[in-house]
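K.L.:
Chains A and B supply the protein sequences, listed in that same order. Under the working numbering, think of the first position of the first sequence as 4, with each following residue one higher. Under the working numbering, think of the first position of the second sequence as 4, with each following residue one higher. Using N, Cα and C, we set each Cβ at its ideal position, and we do this for glycine too. Predicted, not measured: the structure shown is a model, and the values here were computed from it.
There are 2 protein chains.
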Amino acid sequence: MRHDYDVHRQQAEEIFRAWGMPDEKAAITAEILAWSDLHGHESHGIALLVEYNERRQTRPINFQSVPKIVRETPVSALIDGDGGLGHHPARFAMETAIAKAKSAGVGLVSVRNSGHFGALGYYTTLAAELDLIGIAATSVFGIRVPPTGGTKARFGTDPWSFAAPGEPGRPFVLDMATTTVASGKVRNKIVEGQQMPAGWGMDASGKPTLDPSEVMNGGFLAPLGGTPDGGSHKGYGLAAMVNILASCLSGSTLITDPMHSRQPYGLDVGHFFMAFDPGLFREVSDFRGDVARFCDDLRSTPPIDAAKPVMVAGDPERKVRDERRANGMPIGPGLHRRLKSIAADVGARWVMTEPAPAATATK
Amino acid sequence: MRHDYDVHRQQAEEIFRAWGMPDEKAAITAEILAWSDLHGHESHGIALLVEYNERRQTRPINFQSVPKIVRETPVSALIDGDGGLGHHPARFAMETAIAKAKSAGVGLVSVRNSGHFGALGYYTTLAAELDLIGIAATSVFGIRVPPTGGTKARFGTDPWSFAAPGEPGRPFVLDMATTTVASGKVRNKIVEGQQMPAGWGMDASGKPTLDPSEVMNGGFLAPLGGTPDGGSHKGYGLAAMVNILASCLSGSTLITDPMHSRQPYGLDVGHFFMAFDPGLFREVSDFRGDVARFCDDLRSTPPIDAAKPVMVAGDPERKVRDERRANGMPIGPGLHRRLKSIAADVGARWVMTEPAPAATATK
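#1: Just grab the DSSP bridge partners of Leu-111/A for me.
#2: To the nearest angstrom, report how far apart Thr-363/B and Arg-340/B are at their CA atoms.
#3: To the nearest angstrom, how far is the alpha carbon of Ala-107/B from that of His-6/B?
#4: Just to check my reading of the structure: Arg-59/B and Trp-22/B have Cβ atoms closer than 8 Å, yes? What is that Cβ distance to the nearest angstrom?
#5: What does DSSP give as the partner residues of Ser-164/A in its beta bridges?
#6: Would you mind telling me which residues of chain B sit closer than 8 Å to Ser-208/A, beta carbon to beta carbon, in chain order?
#7: According to a CB-to-CB cut-off of less than 7 Å, which residues of the stretch 103 to 121 of chain A neighbour chain B?
#8: When you compare the CB of Asp-232/A with every CB in chain B, is at least one pair closer than 9 Å?
#9: Go through its chain and collect everything with a Cβ distance to Pro-77/A's Cβ below 6 Å, but skip five positions before and after it.
#10: Skipping 5 residues on each side, what residues in its chain have a beta carbon closer than 6 Å to that of Ser-255/B?
#11: Just reading off the alpha helix (DSSP H) that Met-244/B is part of, what are its end residues?
#12: Short of 8 Å Cβ to Cβ, which residues in the stretch 138 to 166 of chain A face chain B?
#13: Taking a Cβ distance cut-off of 9 Å, strictly less, list which residues of the stretch 241 to 253 of chain A are near chain B, in chain order.
#14: Please identify the residue among Val-143/A, Gly-269/A, Gly-124/A, Trp-353/A whose C-alpha is closest to the C-alpha of Ser-68/A.
#15: If we call anything under 9 Å between Cβ atoms a contact, is Phe-290/B one with Cys-251/A?
#16: Quick one: list the residues of chain B neighbouring Pro-281/A, beta-carbon separation under 7 Å, in chain order.
#17: Taking the straight line between their C-alpha atoms, what separation do you get for Thr-365/A and Gly-337/A?
#18: Quick check: what's the CA-CA separation for Thr-160/A versus Ser-142/A?
#19: Any chance the stretch 36 to 49 of chain B sits against the stretch 96 to 103 of chain B, with 3 or more Cβ pairs inside 8 Å?
#20: Out of Leu-177/A, Ala-139/A, Thr-181/A, Ile-136/A, which one is the CA nearest neighbour of Phe-158/A?
#21: Looking at chain A, is there any beta carbon in it that lies within less than 9 Å of the beta carbon of Phe-2/B?
#22: So Pro-200/B contacts chain A; which residues on that side make the cut at Cβ distance below 8 Å?
#23: Across which residues does DSSP place Gly-204/B in a beta bridge pair?
#24: So what does Val-148/A bridge to, in DSSP terms?
#25: Could you tell me whether the stretch 293 to 312 of chain B touches the stretch 321 to 334 of chain A, using the rule of 3 or more Cβ pairs below 8 Å?
#26: In the DSSP assignment, the alpha helix (DSSP H) including Gln-67/A goes from what residue to what residue?
#27: Identify every residue that forms a DSSP beta bridge with Gly-153/A.
#28: Comparing the C-beta of Val-78/A with each C-beta of chain B, is any distance below 9 Å?
#29: Buried or exposed: Asn-246/A, going by 16 or more other Cβ atoms within 10 Å of its Cβ?
#30: Using only the alpha-carbon positions, how far apart do Gly-347/A and Glu-16/A sit?
#31: Judging by CA-CA distance, which residue of Leu-111/B, Gly-234/B, Asp-26/B, Pro-215/B is the nearest neighbour of Asp-280/B?
#32: Compare the C-beta of Phe-290/B against all C-beta atoms of chain A and say whether one is closer than 9 Å.
#33: Would Ile-316/B pass as a contact of Phe-120/B if the rule is Cβ separation under 9 Å?
#34: DSSP on Val-10/A, reduced to helix/strand/coil?
#35: Beta-carbon separation of Ala-201/B and Pro-215/B under 9 Å?
#36: Hey, would you say Gly-187/B sits closer than 9 Å to Ala-167/B, going by beta carbons?
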C-alpha cells in the first residue's frame, strides 16, 4: 500500500513524540527517515523505528539529547551529540558547516557521542542546494569487514558522501558504503537461494566466497574492490580514512574498540561534515555550469544496453523520488502492522490508512 | 644497478636544468620524481624523463612556467600553473594550503592550467609531516575508463589521496587510483602471457573481459569495483568526484572534453589540495595517539597468511623506502641507457655510475 509523503513522515514523527522526543527534534528525525524512503533507501527509512523500538528496551536511547557545540572557530566546530540518535546532531552539524561556509568560505564540523544518522546524501544535499560542496562521513556501530589480508572484522559499511551543485535540481550526490554491498543484499541472496556475485564477501577464514550463508555465518563483507586482486586495499583504505575523519578527529570510540571502552553513553558514533563555497575559486555560476556540462557529458555516453542510459550519482535516487512523489510512498504489510503495534503500545496517534481488505487477502 | 638516492635525484635535476628549467624548480621537480622511485612508484619516477623528452619535441612544455596565485582568501587560493609540468605548481599549492591551515585552521587550494604532478602521496605526506590532515586529487590527461554502463572512455585513473599524522614517522597515507588497476599492470599481463583477474577491464563493447589484449585494443580499464555487480558505480562516482574537485572547481579543461577545447596551453590539468588542522577539534597529540592506536589495531588483525601481516596505507611504501635507503635505488639497464642518451643530447652532466662490464654481460 502507499501513502502520501506527508502521512508517511508524520507517522514517524508521532511515534518519536510518543517516545518522548521534543517536537522539533521529532519533526527533524522523521523528515530525515522519510527522505531516505522517498529516495529509495528503505534501509535508512521508517523501518528503523522497529529497530529503535527494540533497542530502546535493551539499551536506553536518550530521546531528549541536546547536541551542543563544545569547541569552535570561524571555520570549524566540535559538537557533542549527547548520546541520542544521530539525525538531529548530524543535521545541526551540517547546518553549522553550511553557516560557516557562507561566512568564512568553509566549515568543518566534527561530531562525537552521536548515533546512527540515516542516509548521508540527505546532509550533503542540504549543502548542494545552497550552492556549496558538501562532504559527510561517519563511523558505524556494527563491524562486519576485515582489513585486506585479515581474518577479523574491523570495519562497518563506513560510508562517504560528496555532493556538488550543478544543474538546478540535479546536484551530483555520491553516497556510498566503502564495502562492495551492504549486508541486506547478502541476506536477500539467501532468501532467493542464489549465490552472490564475486567480490561481495568472505568466509570465516577470510577467503572469498560466493555462498551468502558463509558470509552470514562467521564470514565477512568485502571492502570495495572485493578481493586483493580486485583492489580491496582501496576500499579498505577508504574505510580507514572515513574512521580517521569520523572517530579520531572527534574523539569518538574507535571502530577497532568493539568493547567501546571509552563510550560515555549511547553508541558514541562519530561523524565528519564539511561544506565549502566554490565561489572561493570561481564564479559559482561558472562552476555550476561546468558540473552540469560534465554530468550531461557522462549521461550522453553511449550505453552498453540502450534501455539503460548511463546515470550520474544522484540520478537513480531522483528517479525513485519523482515516482514516489507522484504515486505515494510504498509500505509493506509487515512493516505497516509492526508500526501500528508500536504506535498502539506507546499511545502514538495512528495517521496511516488501513490496507484495503481485498489487498491484504491477496498477500 | 643501484645508486644512492642523492645521485638518482641529482641526475634528474641535471637533465631538467639542461632543458631550461630554473634551478629551484629543477631541484623540486627532481625531488618529487625521486620520491616516487624511493617509495616504489616507478611509474611516477625518473622514468618519466623519457616521456617528457618525447613530449617536449612534439608539444612544447613550458619549463620556465611560473605558477601564480590569481584569487585568494585567508582559507583558499586559486593557482594558475602557467602550462608547465605539474610538480612545481602542485608543491606550491600544497605549501599554500599548509600555510593557510597553520594560520586559519584550513587551506583549500585549486590549481588550473597545470600538468602531471607525480605521486599524490608526496603532497599529502607534506601536510601529515606538519601535523595536518592532507587531501589531494587530480584530473589526468589520458582517458581509459567508461562510466558504469557506458561504452566510451570518459575518465582516467583520476587519483585521490588522504594522509593523517599518527605515530611519528608512520602517517596514514592513502594514495589510490579510482580504477581497479593502472594500465601498466594490464600491459604486464600481456608481457607475461597471462589472463587478468576479474574486475580489471572491459572489451570494446564495455563487457567485462579477462583478456588483457582486449583491454589494450579498444577496450577499457574498469573503475574500482570492476563490474556493476561488484560496485563499479562507486569507483565511477569517486572518479567523478575527483574531476569535480580538480577540474570544475579550478576551471580547467573537463576530462569529458577530449579535444581540450578550452585549453590555454600545456595540458590544462586541474588539481585540488587541502590541508587542515586536527587541533581545530582536539589536542593534536590526542588525535595522533588515536590514529596511531587505530593503525596498530589494524596491523594486529590476525592475518590470512602468517607471512603477510595486515598493513595500513603507507606501510608498503615505507617498507620499500627503507630498503632503498639502505641498498640504493635500482635502475634497469634500459632506462639507464636512455637517460644517458637524453643527457648527452642536451649536454646535461652525467652523474650516475656505469654498470660494471661483468654485470652488463650477465643481463
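P.N.:
Let me lay it out:
#1: Residue 111/A sits at position 108 when you count from the first residue of the first sequence. For Leu-111/A, which the question treats as bridged, DSSP gives the partners Ser-79/A, Met-277/A.
#2: For the purposes of this step, residue 363/B is taken as the residue at position 360 of the second sequence. For the purposes of this step, residue 340/B is taken as the residue at position 337 of the second sequence. Low local confidence applies: a pLDDT of 47 at Thr-363/B is under 50, so the model's placement there is unreliable, and no value is given.
#3: Locating residue 107/B in the second sequence gives position 104, where the first residue counts as 1. Locating residue 6/B in the second sequence gives position 3, where the first residue counts as 1. Taking the straight line joining both Cα atoms gives about 42 Å.
#4: For the purposes of this step, residue 59/B is identified with residue 56 of the second sequence, where counting begins at 1. For the purposes of this step, residue 22/B is identified with residue 19 of the second sequence, where counting begins at 1. Rounded, the Cβ-Cβ distance is 7 Å, consistent with contact.
#5: In the first sequence, residue 164/A corresponds to position 161, counting from 1. Answer by DSSP bridge pairing, in chain order: Ala-139/A, Asp-178/A.
#6: Your numbering for residue 208/A matches position 205 in the first sequence. Chain B residues near Ser-208/A: Ile-307.
#7: Ala-107, Gly-108, Val-109, Leu-111, Ser-113
#8: Start at 1 with the first residue of the first sequence, and residue 232/A comes out as number 229. With 9 Å as the cut-off, Asp-232/A counts as an interface residue toward chain B.
#9: The sequence position of residue 77/A within the first sequence is 74, counting from 1. Around Pro-77/A: Ala-107.
#10: Start at 1 with the first residue of the second sequence, and residue 255/B comes out as number 252. The answer, listed in chain order, is Arg-115, Asp-271, Gly-273.
#11: Residue mapping note: residue 244/B aligns to position 241 of the second sequence, counting from 1. That run of the alpha helix (DSSP H) goes 235 to 246.
#12: Pro-149, Pro-150, Thr-151, Gly-152, Gly-153, Thr-154, Lys-155, Arg-157, Phe-165
#13: Leu-241, Ala-243, Met-244, Asn-246, Ile-247, Leu-248, Ser-250, Cys-251, Leu-252, Ser-253
#14: If you number the first sequence from 1, residue 68/A lands on position 65. Minimum Cα distance to Ser-68/A is reached at Gly-269/A.
#15: Taking the second sequence and counting its residues from 1, one reaches residue 290/B at position 287. Taking the first sequence and counting its residues from 1, one reaches residue 251/A at position 248. Closer than 9 Å, so yes.
#16: What you label residue 281/A is simply residue 278 of the first sequence in a count that begins at 1. Result: Leu-252.
#17: Here residue 365/A refers to the residue found at position 362 of the first sequence. Here residue 337/A refers to the residue found at position 334 of the first sequence. Unreliable placement is indicated for Thr-365/A, whose pLDDT of 43 sits below 50; the coordinate value is still reported in the next sentence. In a straight line, the C-alpha of Thr-365/A is about 14 Å away from that of Gly-337/A.
#18: The residue labelled residue 160/A in the question sits at position 157 within the first sequence. The residue labelled residue 142/A in the question sits at position 139 within the first sequence. Answer to the nearest angstrom: the Cα atoms are 8 Å apart.
#19: no
#20: Residue 158/A sits at position 155 when you count from the first residue of the first sequence. The residue with the shortest Cα to Cα distance from Phe-158/A is Thr-181/A.
#21: No statement about residue 2/B is possible, as the shown extent of chain B runs from 4 to 366 and does not include it.
#22: For this step, residue 200/B is matched to residue 197 along the second sequence. Within 8 Å Cβ-Cβ: Thr-230, Asp-232, Gly-233.
#23: Position 201 of the second sequence, counted from the first residue, corresponds to residue 204/B. DSSP output for Gly-204/B lists Thr-212/B, Leu-224/B as bridge partner(s).
#24: Here residue 148/A corresponds to residue number 145 of the first sequence, with the count starting at 1. DSSP lists Phe-158/A as partners of Val-148/A.
#25: no
#26: Residue 67/A sits at position 64 when you count from the first residue of the first sequence. It is not in any alpha helix (DSSP H) - Gln-67/A carries neither H nor E in the DSSP assignment.
#27: In the first sequence, counting from the first residue as 1, residue 153/A sits at position 150. Answer by DSSP bridge pairing, in chain order: Pro-306/B.
#28: To locate residue 78/A, count along the first sequence from 1; it is residue 75. Yes, Val-78/A lies at the interface with chain B (some Cβ there is under 9 Å from its Cβ).
#29: For the purposes of this step, residue 246/A is taken as the residue at position 243 of the first sequence. Burial call: buried.
#30: The residue labelled residue 347/A in the question sits at position 344 within the first sequence. The residue labelled residue 16/A in the question sits at position 13 within the first sequence. Looking at the sequence itself, residue 347/A is Ala, so the reference to Gly does not match. Computed Cα separation, rounded: 14 Å.
#31: Position 277 of the second sequence, counted from the first residue, corresponds to residue 280/B. Checked all of Leu-111/B, Gly-234/B, Asp-26/B, Pro-215/B; the closest Cα to Asp-280/B is Leu-111/B.
#32: The count along the second sequence starts at 1 and reaches residue 290/B at position 287. It does: the Cβ of Phe-290/B has a partner Cβ on chain A nearer than 9 Å.
#33: On the second sequence, position 313 is the one that residue 316/B refers to. On the second sequence, position 117 is the one that residue 120/B refers to. Here the sequence assigns Ala to residue 316/B, which means Ile is not the residue at that position. Against a cut-off of 9 Å, the Cβ pair of Phe-120/B and Ala-316/B comes out as no contact.
#34: Against the first sequence, residue 10/A aligns to sequence position 7. The answer is helix: DSSP assigns Val-10/A an H, G or I state.
#35: In the second sequence, residue 201/B corresponds to position 198, counting from 1. In the second sequence, residue 215/B corresponds to position 212, counting from 1. No, these two residues do not count as a Cβ contact at 9 Å.
#36: Walking along the second sequence from the start, residue 187/B turns up at place 184. Walking along the second sequence from the start, residue 167/B turns up at place 164. In this structure, Ala-167/B does not lie closer than 9 Å to Gly-187/B by Cβ.
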